[in-house]
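>
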Amino acid sequence: MNPAATPDPPDSGGASHRKHVMTAEERAEYERLRRHAAVRHRRVRQAGSSVLLLLALLLAPLAVVAAWVQDTVSDTDRYVETVAPLASEPPVQEVVINRLTDRVVANVDVKAVTDSLTRVLQDAGAPPRVVAGAESLEGPLRSAVRSVVDRTVTRVITSDAFQQVWEGANRRSHAAVVNMLTGEGEGAVRAEGDTVQLDVGEVVSEVRERLVDAGFDKAAAIPDTDRTITLFHTEELGKAQDTMRLLDILGTWLPVLTVVLAALAVWTAPAHRVMLMITATGVGVMMVVLLVALAVVRRVYLDSIPPTTLPTDAAAAIYDTFVRFLRDSTRTLLIVAVITALVAYLYGPGRPARAVRTATNRGTTAAGRGLRHAGVRTGSTGRWLAGHRAWTTGGVIAAGALALVLWNHPSVGGVALVLGIAVAVLIVVAALAAAAGPTAGHEDRAAVP
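Residue numbers (the numbering used here): 5 to 453.
#1: Hey, which unbroken runs of the beta strand (DSSP E) at 3 residues or more fall wholly within the stretch 256-342?
#2: Nearest-angstrom Cα distance between Val-289 and Leu-338?
#3: Grab the span of the alpha helix (DSSP H) containing Asn-102 for me, first residue to last.
#4: Starting from the C-beta of Tyr-323, find all residues in its chain whose C-beta is less than 6 Å away, skip the five residues before and the five after it, and write them out in chain order.
#5: Residues in its own chain within less than 6 Å of Gly-219 by CB, not counting five upstream and five downstream?
#6: By the 10 Å Cβ neighbour count, where 16 or more other Cβ atoms means buried, how is Val-380 classified, buried or exposed?
#7: Quick one: is Val-87 buried, meaning 16 or more other Cβ sit within 10 Å of its Cβ, or exposed?
#8: Determine the extent of the alpha helix (DSSP H) in which Leu-90 is found, giving its start and end residues.
#9: DSSP state of Thr-162, grouped into three classes?
#10: Taking just the CA atoms, how far does Ala-64 sit from Glu-447?
#11: Out of Val-96, Thr-382, Ala-284 and Leu-66, state which residue places its alpha-carbon closest to the alpha-carbon of Ala-321.
#12: Taking Glu-210 as the reference, give the member of Ala-165, Arg-175 and Ile-253 with the closest Cα.
#13: Indicate the three-state DSSP secondary structure (helix, strand or coil) for Asp-75 in the structure shown.
#14: Is Val-109 near Arg-155, with beta carbons less than 8 Å apart?
#15: State buried or exposed for Ile-309, treating a residue as buried only when at least 16 other CB atoms are found within 10 Å of its CB.
#16: According to DSSP, is Pro-353 part of a helix, a strand, or is it coil?
#17: Identify the continuous alpha helix (DSSP H) that holds Thr-382 and give its terminal residues.
#18: Go through its chain and collect everything with a Cβ distance to Asp-390's Cβ below 7 Å, but skip five positions before and after it.
#19: Is the Cβ-Cβ distance between Val-100 and Pro-315 less than 8 Å?
#20: How about Leu-56 and Ile-282: are their beta carbons less than 8 Å apart?
#21: Let me confirm a value: Ala-71 is counted as buried when at least 16 other C-beta atoms fall within 10 Å, else exposed. Which label applies?
#22: Should the stretch 387-406 be called in touch with the stretch 420-436, which here means at least 3 C-beta pairs below 8 Å?
#23: Please classify Thr-362 as buried or exposed, where buried requires at least 16 neighbouring CB atoms within 10 angstroms.
#24: Give the C-beta separation of Arg-331 and Leu-295 to the nearest angstrom, bearing in mind that I take them to be a contact with Cβ-Cβ under 8 Å.
#25: Would you report the Cα separation of Leu-298 and Gly-367, rounded to the nearest angstrom?
#26: With DSSP collapsed to three states, give me the class of Asn-412.
#27: Can you check whether the CB of Pro-274 is closer than 8 Å to the CB of Arg-38?
#28: Roughly how many angstroms lie between the CA atoms of Ala-267 and Val-69, to the nearest whole one?
#29: Using a 10 Å radius around the Cβ and a threshold of 16 neighbouring Cβ atoms, would you call Thr-53 buried or exposed?
#30: Is Thr-362 helix, strand or coil when you go by DSSP?
#31: Just the C-alpha distance for Glu-171 and Val-278, rounded to the nearest angstrom, thanks.
#32: Is it buried or exposed, Tyr-351, if we count other Cβ atoms within 10 angstroms and call 16 or more buried?
#33: In three-state DSSP terms, what is His-377?
#34: Take Ala-341 and list the residues in its own chain whose beta-carbon comes closer than 6 Å to its own, dropping the five residues that flank it on each side.
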C-alpha cells in the first residue's frame with residue numbers, strides 16, 4: 005500500500021479539513037497573477053506620484069511669489085525693509101532732486117524781479133546801458149537761483165534726515181500700500197487709473213520747510229498738487245490687482261499645499277529616493293524659470309516707462325529694490341533643491357555615489373582609528389551611533405531642514421552655513437562611531453591565547 009495515497013483521517017468534528025497542496029500549474033498561475041497585480045499596483049503608484057509631482061512643480065513658482073507678496077504686505081517691518089533702500093539710491097535721489105528743484109524755481113518769478121529792477125533804474129534816471137544790463141540779468145539770476153535751490157534740495161535729500169523721513173512715511177503709510185495692492189483707498193503707493201504712483205508729499209513738505217528756513221520765502225508757495233512720481237503704467241492694472249488679492253489670500257496656504265504635494269509625490273512613488281531626486285531637480289528648474297521670468301518682467305517694465313516720465317536707471321533701481329527679496333528667496337530655494345538632489349543621488353547605487361561613500365567611510369574610519377590610538381574611545385555610545393547610523397543621519401538632516409524652516413528668510417549664505425554644519429556633524433558622528441572599542445565578545449576572543 006502506498007503511504008502517499010493514504011487518506012487523511014477525519015477530524016474530531018467529522019469534517020474534513022485537508023490542506024490543499026497546489027499543483028505546479030496552479031502555483032505558476034498564482035505567481036503570474038501576483039506579478040500582474042504587483043505591476044498594476046506599481047503603475048498606479050507611479051501615475052499618482054507623477055500627477056502629484058506635476059501639481060507641485062506647477063504651484064512652486066506661484067507659491068514663492070504668493071509667500072513674498074503675503075509677507076511683504078502683512079509685515080510692516082518687512083515692507084519698510086523692502087522700500088527703505090530707495091531713499092539712498094542715487095538715481096532715485098536725482099529724480100526727486102530735479103523734480104523739487106524745478107518746482108521751486110518755477111515758483112520764483114525771476115522775470116518779475118528783473119522787470120521791477122528795470123523800472124526802478126528807469127525811474128531813477130539810470131543810463132540806458134545800465135537799464136539794458138538789468139534786463140539781461142534774467143538768465144544769470146535764474147541760473148543762480150536754480151544753483152542755490154539745487155544745493156539746498158540735494159543737501160536735504162542726501163542727508164540722514166531724508167532717510168528717516170522716508171522710512172517713517174512708509175511705515176505710517178503701510179496700510180495705504182495694502183489698499184493699493186487690493187485696489188482700495190489711497191496711500192503713499194497708489195493706483196490711479198492704469199498707473200501706479202509714488203506719493204512723495206511728506207518729502208516735499210520737509211524740503212519746503214528747509215528752503216523757507218534757508219531764506220527762500222517763495223518756496224512756501226510750492227503747491228500740494230503734482231507731488232507724485234509715476235512708477236509704471238499698464239493697461240492690465242485691474243487684472244494685476246485681482247491677481248495680487250488672490251496671491252495675498254493664498255500666500256499662507258499655497259506654499260504649504262505645494263510642500264505637501266511634493267512630499268506625497270515622494271511617498272507615493274515606488275522608488276522614494278529616485279522620486280526625491282526628480283522632485284528636487286524639478287523644483288530647481290522651476291526656480292530657474294522664475295528667475296528668468298523676473299528678468300523678462302524687468303525688461304518689459306523698463307521698456308514701458310518713457311524716459312521723460314522716469315529715467316531708466318531710476319526705474320531699474322525701483323524694480324530691483326522691490327523684488328530683491330523675491331529674487332533672493334528664489335535663489336535660496338534653487339540652492340536647496342540642488343543640494344537635495346545631490347544628496348539623494350549620493351545615497352544611490354551609482355558608481356560615483358559609491359566612490360564618494362567609500363572615500364567618506366575610509367576617512368571617518370581612519371579618524372576613529374586615530375582617536376582610539378590616542379586613547380579616546382567612545383565605548384557604548386560609539387557602538388550605538390554605529391548601530392543606528394540611519395537614524396542619526398536622518399536626525400541631523402531633519403535638524404538642518406528645521407533650522408532652515410525656522411530661519412526667517414534664509415539667504416544663500418545661510419543655506420551654505422546650515423549645510424556646512426550638518427556635514428561637519430555627520431563627519432564627527434561617523435568618527436565617534438568608528439572610535440568605539442571592540443565589543444565584549446571581540447575582547448574575550450582577543451584574550452584567548
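Virtual Cβ for every residue (Gly too), placed ideally from N, Cα, C.
To lay it out plainly:
#1: Runs of the beta strand (DSSP E) inside the stretch 256-342: none found.
#2: The alpha-carbon atoms of Val-289 and Leu-338 are separated by roughly 8 Å.
#3: First-last of the alpha helix (DSSP H) with Asn-102: 94-110.
#4: Taken in chain order, the residues that qualify are Arg-302 and Tyr-305.
#5: Once the five neighbours on either side are set aside, Gly-219 has no close Cβ partner at all.
#6: With fewer than 16 other Cβ atoms within 10 Å, it is exposed.
#7: Its Cβ being crowded by 16 or more others within 10 Å, Val-87 is buried.
#8: No alpha helix (DSSP H) contains Leu-90, which DSSP labels as neither H nor E.
#9: If DSSP states are grouped into helix, strand and coil, Thr-162 belongs with coil.
#10: Summary for Glu-447: the model assigns pLDDT 42, below 50, so the residue's position carries little reliability; its value from the coordinates is reported in the next sentence. Looking at the two C-alpha atoms, the distance is approximately 56 Å.
#11: It is Val-96.
#12: Closest by alpha carbon: Ala-165.
#13: Helix.
#14: The criterion of a C-beta distance shorter than 8 Å is not satisfied by Val-109 and Arg-155.
#15: Around the beta carbon of Ile-309, 16 or more other beta carbons sit within 10 angstroms, so the residue counts as buried.
#16: In the three-state scheme derived from DSSP, where H, G and I count as helix and E and B as strand, Pro-353 is classed as coil.
#17: Following the DSSP letters along the chain, one finds Thr-382 in no alpha helix (DSSP H), marked with neither H nor E.
#18: Looking at the sequence shown, residue 390 is not Asp but Ala. By the criterion of a C-beta distance shorter than 7 Å, Ala-390 is surrounded in its chain by Ala-437 and Ala-440, once the five residues flanking it on both sides are discounted.
#19: The answer is no: Cβ separation not under 8 Å.
#20: Inclusion of Leu-56 and Ile-282 in the CB contact set at 8 Å is not warranted, their separation being larger than that value.
#21: It counts as buried.
#22: Contact holds: three or more Cβ-Cβ distances are below 8 Å.
#23: Burial call: exposed.
#24: Contact flag correct, Cβ pair sits at about 7 Å.
#25: Near 44 Å, if we compare the C-alpha coordinates of Gly-367 and Leu-298.
#26: If DSSP states are grouped into helix, strand and coil, Asn-412 belongs with coil.
#27: Contact: no.
#28: Going by the C-alpha atoms only, they are around 20 Å apart.
#29: In the sequence as displayed, the identity of residue 53 is Ser instead of Thr. It is buried - the Cβ of Ser-53 has at least 16 other Cβ atoms within 10 Å.
#30: Under the three-state reduction of DSSP output, Thr-362 falls in the helix class.
#31: If you take the alpha carbons of Glu-171 and Val-278, they lie about 49 Å apart.
#32: Its Cβ having fewer than 16 others within 10 Å, Tyr-351 is exposed.
#33: In the structure shown, His-377 adopts helical secondary structure according to DSSP, grouped into three states.
#34: Excluding residues within five positions, the ones whose Cβ falls inside 6 Å are Ala-284, Val-287 and Gly-288.
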